[in-house]
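Heads up, the thing below is written out as structure tokens.
2 protein chains.
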Amino acid sequence: MSAELLRVVYHLAVEPARAEARAEALAREQTVEVPRAVVRDPVVRGEALGRVEALAPGPEGGFLATLAYPTGATGLEPAQALNVVFGNSSLHADVRCLDLEPGPELAAALGGPRFGIAGLRAATGVSGRPLTCTAIKPMGLSTAALAALAGTFARAGLDVVKDDHGLADQAWSPFRERVAACLAAVARAADETGHETVYVPNLIGAPERLRDAQRFAEDAGARAVMASPMLVGLPAFWELCRRSSVPVLAHPAFAGALRFAPEALFGKLFRLFGADASIFVSFGSRFAQGEESCRAIARALRGPWGALRPALPVPAGGIEVASAAKVVEFYGEDAMLLVGGDLQLEADGVLERSREFVRSVRAAAAARVSAVAART
Amino acid sequence: MSAELLRVVYHLAVEPARAEARAEALAREQTVEVPRAVVRDPVVRGEALGRVEALAPGPEGGFLATLAYPTGATGLEPAQALNVVFGNSSLHADVRCLDLEPGPELAAALGGPRFGIAGLRAATGVSGRPLTCTAIKPMGLSTAALAALAGTFARAGLDVVKDDHGLADQAWSPFRERVAACLAAVARAADETGHETVYVPNLIGAPERLRDAQRFAEDAGARAVMASPMLVGLPAFWELCRRSSVPVLAHPAFAGALRFAPEALFGKLFRLFGADASIFVSFGSRFAQGEESCRAIARALRGPWGALRPALPVPAGGIEVASAAKVVEFYGEDAMLLVGGDLQLEADGVLERSREFVRSVRAAAAARVSAVAART
Numbered sequence: 000m001s002a003e004l005l006r007v008v009y010h011l012a013v014e015p016a017r018a019e020a021r022a023e024a025l026a027r028e029q030t031v032e033v034p035r036a037v038v039r040d041p042v043v044r045g046e047a048l049g050r051v052e053a054l055a056p057g058p059e060g061g062f063l064a065t066l067a068y069p070t071g072a073t074g075l076e077p078a079q080a081l082n083v084v085f086g087n088s089s090l091h092a093d094v095r096c097l098d099l100e101p102g103p104e105l106a107a108a109l110g111g112p113r114f115g116i117a118g119l120r121a122a123t124g125v126s127g128r129p130l131t132c133t134a135i136k137p138m139g140l141s142t143a144a145l146a147a148l149a150g151t152f153a154r155a156g157l158d159v160v161k162d163d164h165g166l167a168d169q170a171w172s173p174f175r176e177r178v179a180a181c182l183a184a185v186a187r188a189a190d191e192t193g194h195e196t197v198y199v200p201n202l203i204g205a206p207e208r209l210r211d212a213q214r215f216a217e218d219a220g221a222r223a224v225m226a227s228p229m230l231v232g233l234p235a236f237w238e239l240c241r242r243s244s245v246p247v248l249a250h251p252a253f254a255g256a257l258r259f260a261p262e263a264l265f266g267k268l269f270r271l272f273g274a275d276a277s278i279f280v281s282f283g284s285r286f287a288q289g290e291e292s293c294r295a296i297a298r299a300l301r302g303p304w305g306a307l308r309p310a311l312p313v314p315a316g317g318i319e320v321a322s323a324a325k326v327v328e329f330y331g332e333d334a335m336l337l338v339g340g341d342l343q344l345e346a347d348g349v350l351e352r353s354r355e356f357v358r359s360v361r362a363a364a365a366a367r368v369s370a371v372a373a374r375t
Numbered sequence: 000m001s002a003e004l005l006r007v008v009y010h011l012a013v014e015p016a017r018a019e020a021r022a023e024a025l026a027r028e029q030t031v032e033v034p035r036a037v038v039r040d041p042v043v044r045g046e047a048l049g050r051v052e053a054l055a056p057g058p059e060g061g062f063l064a065t066l067a068y069p070t071g072a073t074g075l076e077p078a079q080a081l082n083v084v085f086g087n088s089s090l091h092a093d094v095r096c097l098d099l100e101p102g103p104e105l106a107a108a109l110g111g112p113r114f115g116i117a118g119l120r121a122a123t124g125v126s127g128r129p130l131t132c133t134a135i136k137p138m139g140l141s142t143a144a145l146a147a148l149a150g151t152f153a154r155a156g157l158d159v160v161k162d163d164h165g166l167a168d169q170a171w172s173p174f175r176e177r178v179a180a181c182l183a184a185v186a187r188a189a190d191e192t193g194h195e196t197v198y199v200p201n202l203i204g205a206p207e208r209l210r211d212a213q214r215f216a217e218d219a220g221a222r223a224v225m226a227s228p229m230l231v232g233l234p235a236f237w238e239l240c241r242r243s244s245v246p247v248l249a250h251p252a253f254a255g256a257l258r259f260a261p262e263a264l265f266g267k268l269f270r271l272f273g274a275d276a277s278i279f280v281s282f283g284s285r286f287a288q289g290e291e292s293c294r295a296i297a298r299a300l301r302g303p304w305g306a307l308r309p310a311l312p313v314p315a316g317g318i319e320v321a322s323a324a325k326v327v328e329f330y331g332e333d334a335m336l337l338v339g340g341d342l343q344l345e346a347d348g349v350l351e352r353s354r355e356f357v358r359s360v361r362a363a364a365a366a367r368v369s370a371v372a373a374r375t
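Chains as they are written, first to last, in numbering that gives the first Met the number 0: chain A, 0 to 375; chain B, 0 to 375.
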């Protein structure tokens, strides 16, 4: 196992007295995700567990913590690398991710830009000054109108004319039709003026569609493409970059999704996209989430919603065996209780504690049924 | 074109006097993304433009705005649907997405849970009470140790035993080896106790790897799987759900990524994942972003970073032709200025205004070079 480290700097909004314990908890959260007592195995402790490398008061309050994670925890894979950088901790309101340093091994595995600034200068033929760029829009225009706009911008001497990030594959201007027409429009302008403008199609969609769009754009002769990493998903974006034969522009859309209300994100959006069960941090866990918000998430997952099937709420995030009955009482029968590290607190007691959890849920469910029967 | 509407409710942190204009700007931001004066085409105005359907003071201050977007703007496609719901607006600090209602057409296109609660009850054989669930962990344990743990939980009578979301395809316990061993362990426990426990593998990775993992898990006999929608990307998650033959659990990791500092997200993470150029909202735009933050993003994109190629900063978000020179002065030559709606303010003046933009950037770049030469 490699001894290389991925370093991430976080801001912790904590009081001085709690800073050290908070940073140490963060190191566990992002790797082993169990209480300290459960970190028994020497390989786990020596090779998997993150550690706090530096901790100092921040210039504007709170603390800056530099955490070092074993590169092996990422599996040298993009989605899992994200997970280690800011998976669970993104859900902790007191943590903010400030910086990261992947180390040579992870950097090589992810690879970064394949073309970079030099590739964009080569594609546009521009050196020694900033490039100029605009977007064809708005959505709703026909392909002919968008292509005419691209031609106008090209004749004006713009270096790059890109699709607006909202131009997808809508009926107003289907993707393939638009790409072909805009490439032709900038080519015609180049014939007139001698200035070569690079038209950049917007690639968007679920992975299969994204791959098809990429192939089409490259075959059609696009000399650069654009995608929104947070919309298509960073790992899908990574895969797109890896196989791209032209430079890739990143668009920031959806990159501020935290301000999505939890009930809308975990309850509605996850259900709409197909989750059969949705795990979320429950009240009384190590994540701050109020009872009202939990109730709303459960309602959004289970309630009638057009023709969509109900999805199973899975309260989690540090529920303890001792509180299982209360959780059953709160969520009712259509739920799944997820208890993690609490079952493993004692190395020799896992079977017994797990049985206790099972018994506790069954008993609470039975009591609930009796209580309901007694009331009716 | 369909007349169906996608409705999204936002909280706007604005003063009463600005609420109506703010909501109207939001409706444009999420669809046509141009100044009001540029919305000239009747199809754009009638079929593409979002509109404010309701606006009322929020119970705790600010305003609640219900926006209605034409379903056609989503192309009935998951990534573009996200884009319409909260693409650019996720970057506006005064907007929070509270709720969404896709309407029957988009809901049918996305599809929601394929199995839902009934499917999970069928997979586990549990009815009339909540299900119990735990996770095998921590990362760093060998496959043998993790499978033993799964067996213990199964013998204790847990309904569902899932991989921790941090168990990926690390060397400590490779994915395929773990899935096979854990399925065998819960099967052995069922032989002993008669209680069938469902083991749920964690599927993680870029799209190709994700698809391989899904296929392997289903072929091996997994009766449910798990993935993190925000880590793998919501559209990749959607595709996974669509082709799944077993219920899918969603894990919330990375769902709070806004607290990622802009320079780390747009500068470092996007570059690390392969962006050759990264578009970000610049100072002086309609998005609040300070000069210091912009400088840091540009530095993170262009500066030396191990063996990674530099990526091109693309300041955007409402830069006007009039301020192009200032932007050139600020970012220097290795940048691309992205000016959008400002070029289209006058229907008949697009070519001339675009030429002005091109001239302005060239002149500012030349002046900058002269100034540097004069100083040295």
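Yeah, the Cβ is synthetic: ideal placement off N, Cα and C, and Gly gets one too.
Cross-chain neighbours of residue i in chain A, by beta carbon under 8 Å
| i | result |
| --- | --- |
| B/Ile203 | Glu76, Ala78, Gln79, Asn82 |
| B/Tyr330 | Pro129 |
| B/Ser244 | Within 8 Å Cβ-Cβ: nothing; B/Ser244 doesn't reach chain A, min ~12 Å. |
Enclosing alpha helix (DSSP H) for residue i [first to last residue]
| i | result |
| --- | --- |
| B/Lys267 | From DSSP, B/Lys267 is part of no alpha helix (DSSP H); its letter is neither H nor E. |
| A/Ala310 | Looking at the DSSP string, A/Ala310 is not in any alpha helix (DSSP H), and its letter there is neither H nor E. |
| A/Thr142 | 142-154 |
| B/Glu191 | 174-192 |
| B/Asp98 | Counting along the chain, B/Asp98 falls outside any alpha helix (DSSP H), though it belongs to the beta strand (DSSP E) covering 94-100. |
| A/Ala20 | 15-28 |
| B/Phe62 | Run containing B/Phe62: none in the alpha helix (DSSP H); it sits in the beta strand (DSSP E), 62-69. |
8 Å Cβ cutoff, residue i in contact with chain A
| i | result |
| --- | --- |
| B/Arg258 | Note on B/Arg258: pLDDT 46, under 50, position unreliable in the model; the coordinate value appears next. So, interface residue. |
| B/Val38 | yes |
| B/Val371 | no |
| B/Gly302 | no |
| B/Asp333 | yes |
| B/Thr142 | no |
| B/Cys293 | no |
| B/Glu319 | no |
Chain-order list of residues whose beta-carbon lies under 7 Å from that of residue i (same chain, five-residue window excluded)
| i | result |
| --- | --- |
| B/Pro77 | Leu109, Leu233, Pro234, Trp237 |
| A/Cys346 | Per the sequence shown, the amino acid found at residue 346 of chain A is Ala instead of Cys. These residues qualify, in order along the chain: Arg39. |
| A/Thr70 | Ser1, Glu3, Leu4, Leu5, Gly102, Glu104, Leu105 |
Residues of its chain near residue i, where Cβ-Cβ distance is below 6 Å and the 5 sequence neighbours each way are ignored
| i | result |
| --- | --- |
| A/Ala53 | Thr65 |
| A/Arg258 | Note that A/Arg258 scores a pLDDT of 46, beneath 50, so its modelled location is shaky and nothing firm can be said. |
| A/Ala67 | Leu4, Arg6, Arg50, Glu52 |
Neighbour list for residue i in chain A, Cβ cutoff strictly below 9 Å
| i | result |
| --- | --- |
| B/Leu5 | Under the 9 Å cutoff, chain A gives no residues; its nearest Cβ is about 11 Å from B/Leu5. |
Start and end residues, beta strand (DSSP E) containing residue i
| i | result |
| --- | --- |
| B/Ile135 | 130-135 |
| B/Met225 | 224-226 |
| A/Pro56 | 50-56 |
| B/Gly159 | This sequence places Val at residue 159 of chain B; Gly is not what is there. Here the beta strand (DSSP E) through B/Val159 covers 159-162. |
Listed by chain order, chain B residues near residue i by CB distance under 9 Å
| i | result |
| --- | --- |
| A/Asp163 | Val31, Glu32, Val33, Gly339 |
Interface partners of residue i on chain B, CB under 8 Å
| i | result |
| --- | --- |
| A/Leu157 | Ser353, Phe356, Val357 |
Test: residue i CB closer than 8 Å to a CB of chain B
| i | result |
| --- | --- |
| A/Cys181 | no |
| A/Val247 | yes |
| A/Gly57 | no |
| A/Ala108 | no |
| A/Arg361 | yes |
| A/Gly111 | yes |
Chain A contact residues for residue i, given Cβ-Cβ distances below 7 Å
| i | result |
| --- | --- |
| B/Leu25 | Ordered by position in chain A, no residue passes the 7 Å Cβ test against B/Leu25, which lies about 13 Å from the chain. |
| B/Gln213 | Here the premise fails: no neighbours, minimum Cβ distance about 12 Å. |
Spatial neighbours of residue i in its chain, beta-carbon cut-off 8 Å, leaving aside the 5 residues before and after
| i | result |
| --- | --- |
| B/Val342 | This sequence places Leu at residue 342 of chain B; Val is not what is there. Same-chain partners within the cutoff: Val320, Val349, Arg352, Ser353, Phe356. |
| B/Glu290 | Phe282, Phe329 |
*asked:* Assess contact between the region 125-133 of chain B and the region 317-336 of chain A, defined as three or more Cβ pairs (one per stretch) separated by less than 8 Å. Is contact present?
replied: yes
*asked:* Quick test of the definition: if touching needs 3 or more C-beta pairs under 8 Å, does the region 37-48 of chain A touch the region 92-105 of chain A?
replied: no
*Take every Cβ of the region 306-326 of chain A, pair it with every Cβ of the region 356-367 of chain A, and state whether three or more of those distances are shorter than 8 Å.*
yes
*asked:* Any contact between the region 151-169 of chain A and the region 191-201 of chain A? By contact I mean 3 or more CB pairs, one from each, below 8 Å.
replied: yes
*Below 8 Å, can you find three or more Cβ-Cβ pairs linking the region 183-194 of chain A to the region 204-211 of chain A?*
no
*asked:* Closer than 8 Å is the cut-off here; do at least three beta carbon pairs connect the region 292-308 of chain B with the region 336-351 of chain B?
replied: no
*Touch test, the region 13-25 of chain B against the region 56-72 of chain B, Cβ-Cβ under 8 Å, three pairs minimum*: yes
*Count the CB pairs spanning the region 172-179 of chain A and the region 133-146 of chain A that are closer than 8 Å, and state whether there are at least three.*
yes
*Can we say the region 87-95 of chain A touches the region 24-31 of chain A, given the rule of at least three CB pairs closer than 8 Å?*
yes
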